[in-house]
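Right, one structure below, let's go through it.
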Amino acid sequence: MTPRQLLTRLEPILLIAVGGFAGANLRGFVDLLVPGSLAGTLAVNVLGSFALGVLVYDSLGQPAIADNARLVFGTGFLSSFTENQGESLAL
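Using my numbering, you'd call the opening residue of the sequence shown number 17 and step up by one each time.
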């Protein structure tokens, strides 16, 4: 396998990792601002759902967002941003 082929195969994984890193850090920042609160979780999930809706809507017709950007933001950033890694929120 040539280095170019290897990079082509690793590129999506690296893009998702970069997005995931950024999303997880922003989620941690939100948890610091609003610790142990349903308000922080609700805000993050509403923002993440809205952003994912924008990405999905953009894919209809003539997409303005590139496929690589979808990997970074949709799969990487938003999945890490909206995942609750804190305490269990039992109601």
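From the three backbone atoms N, C-alpha and C, an ideal C-beta is built for every residue, glycine too.
Just measuring C-alpha positions, the residue of V46, G69, L68 sitting nearest L58 is V46.
At the C-beta level, L23 and L87 stay beyond 8 Å of one another. When S75, L49, F89, V50 are compared, the shortest CA-CA separation from I29 is found for F89. Straight across, the Cα-Cα distance linking N100 with A40 is about 10 Å. Per the coordinates, the alpha-carbon of L48 lies some 9 Å from the alpha-carbon of G56.
Setting aside the 5 residues that flank it on each side, F93 is surrounded in the same chain by G35, A38, G39, each with a C-beta closer than 6 Å to its C-beta; the list follows chain order.
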